[in-house]
Ligand code: ADP
Ligand code: MG
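Numbering (this note's numbering), first residue to last: 1 to 311.
#1: Whole angstroms is fine: what's the gap from residue 63's alpha carbon to residue 308's?
#2: Closer than 8 Å is the cut-off here; do at least three beta carbon pairs connect the region 253-260 with the region 278-293?
#3: Evaluate contact between the region 145-153 and the region 110-124, counting only Cβ atoms and requiring at least three cross-stretch pairs below 8 Å.
#4: Give every residue of the same chain whose Cβ lies closer than 6 Å to the Cβ of residue 178, excluding the five residues on either side of it in the sequence, and list them in chain order.
#5: Just checking, does the region 193-203 make contact with the region 242-253 on the three C-beta pairs under 8 Å criterion?
#6: Within a Cβ cutoff of 7 Å, which residues of the same chain sit near residue 52, ignoring the five residues on either side of it in sequence?
#7: Just checking: is the beta-carbon of residue 3 within a distance shorter than 7 Å of some beta-carbon in chain B?
#8: Anyone know if the C-beta pair for residue 163 and residue 211 falls short of 7 Å?
#9: Just the residues with CB closer than 6 Å to a heavy atom of the ligand SAM, in chain order, which are they?
#10: Among 228, 272, 173, whose alpha-carbon lies nearest the alpha-carbon of residue 209?
#11: Touching or not, the region 99-114 and the region 165-178, by the rule of three or more beta carbon pairs under 8 Å?
#12: Please name the residue in 66, 227, 166 whose C-alpha comes closest to that of residue 301.
#13: Determine which residues share a DSSP beta bridge with residue 129 and list them.
#14: Say yes only if the C-beta of residue 292 is nearer than 6 Å to one or more non-hydrogen atoms of the ligand ADP, and no if none qualify.
#15: Anyone know if the C-beta pair for residue 217 and residue 267 falls short of 7 Å?
#16: Residues in its own chain within less than 6 Å of residue 219 by CB, not counting five upstream and five downstream?
#17: For the beta strand (DSSP E) that residue 267 lies in, which residues bound it at each end?
#18: Using the Cα positions of residue 104 and residue 98, report the straight-line distance between them to the nearest angstrom.
#19: Mind checking whether the beta-carbon of residue 305 lies closer than 6 Å to any heavy atom of the ligand ADP?
#20: Does DSSP put residue 76 in a helix, a strand or coil?
#21: For residue 131, count neighbouring C-beta atoms within 10 Å of its own C-beta (all shown protein chains included) and say buried if the count is 16 or more, exposed if not.
#22: Taking 8 Å as the threshold, find out whether the region 69-82 comes into contact with the region 21-30 through three or more Cβ pairs.
#23: Can you check whether the CB of residue 232 is closer than 7 Å to the CB of residue 214?
#24: Which of the three DSSP states is assigned to residue 170 in this structure?
#25: Which two residues bound the contiguous alpha helix (DSSP H) that contains residue 50?
#26: Nearest-angstrom Cα distance between residue 262 and residue 138?
#27: Leaving aside the five residues before and after residue 17 along the sequence, list all residues of the same chain whose C-beta is less than 7 Å from its C-beta, in chain order.
#28: Just mark residue 202 as buried or exposed, buried being the case when its beta carbon has 16 or more other beta carbons within 10 Å.
#29: Between residue 41 and the ligand ADP, is there a pair consisting of the residue's CB and a ligand heavy atom that are separated by less than 6 Å?
#30: Who are the near neighbours of residue 126 in its chain, counting only those whose CB is closer than 7 Å to its CB and skipping five residues on each side?
#31: Residues bridged to residue 251 by DSSP?
#32: How far does the alpha helix (DSSP H) with residue 30 in it extend, from its first residue to its last?
#33: Excluding the five sequence neighbours on either side, which residues of its own chain have a C-beta within less than 8 Å of the C-beta of residue 61, listed in chain order?
Structure (structure tokens):
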């Protein structure tokens, strides 16, 4: 098949819970990614960060309790840390895998800010729980400081943050130059660091951006041929988990919208993936989105498996 420009979005849940687990996961992930590079495709990587940014957030809160000098660590800073932490492991093991196959390529992680609208309606209705669980008293105190707190499934209280839609990628010109130079780029990790601009200054926004939407936006901006969302399932299903479950190989935008309105995709997991896939497929003739598992990435791009969404 001809050489394609591919944005690969990796699920944060597949990266493990400790540094050791993450090193092992990234080492395993490097192989199917380098398979795509070896076939001649241009690959750009976006990764999730849910568990990792949660861990960093909790760790920084604990550090602040022990030593108040640490101060509050905003979510934007936590996302930035997670991009470095995950990007380091991905670039290191992708580079080693390339080296073992004698493929000469630079691999680089870009600390990426993503523009959001500070008037995005999502800010009025925060939905994403982050960080540690706390007691009612601690929750009340945080609420007074302006945080939105929710009771999370009987396990205690948690902060929730908004999940606004990505509008633009601040470092896009540099990213495009790196891709054009043939480098393997890791960018918009965790959906990117949410920022807006006010009076000529950059403002960090108290939010997290969905990595599925950020990868669709990136794919659109760099005019990729393919958006591949790699997750825990080989295909998208309707009636998921029910006796009449049906795995789908191909979805038109109309069918996908129909299934969304019938509630087939779980919010927070499969729904943003299907929505992101629709957005990219709709953005230009020829743009294709594929949802499949990491192990099946190579077969998926050869049209052998996965769920393809096209206009
Ligand atoms: P990631 O970390 O890759 O973003 P998520 O856990 O957020 O992964 O989303 C993928 C999960 O969505 C799958 O593992 C599956 O359990 C779930 N899921 C929900 N609805 C569906 C559906 N209709 N078809 C397939 N998987 C679904
Ligand atoms: Mg997810």
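C-beta: ideal position from N, C-alpha, C; glycine also.
No experiment lies behind these values; they were computed from the predicted model shown.
For this structure:
#1: 45 Å
#2: yes
#3: no
#4: Closer than 6 Å at the Cβ level, and outside the excluded window around residue 178, lie 185.
#5: Counting Cβ pairs under 8 Å, fewer than three are found: no touch.
#6: A distance below 7 Å between beta-carbons, with the five flanking residues on each side excluded, links residue 52 to the following residues of its chain, in chain order: 12, 15, 82, 85, 86.
#7: Going by chain labels, chain B is absent from the structure shown, which holds only one protein chain.
#8: In this structure, residue 211 does not lie closer than 7 Å to residue 163 by Cβ.
#9: Looking for the ligand SAM in the displayed structure turns up nothing; the ligands present are the ligand ADP and the ligand MG.
#10: The option with the nearest alpha carbon to residue 209 is 272.
#11: Yes: at least three Cβ pairs fall under 8 Å.
#12: 227
#13: 160
#14: no
#15: no
#16: 7, 227, 280
#17: It is not in any beta strand (DSSP E) - residue 267 carries neither H nor E in the DSSP assignment.
#18: 7 Å
#19: no
#20: helix
#21: buried
#22: no
#23: no
#24: coil
#25: 50-66
#26: Looking at the two C-alpha atoms, the distance is approximately 39 Å.
#27: Cβ within range, chain order: 51.
#28: exposed
#29: Checking every heavy atom of the ligand ADP against the Cβ of residue 41, none is found closer than 6 Å.
#30: 148, 160, 161, 162
#31: 309
#32: 19-38
#33: 73, 131, 132
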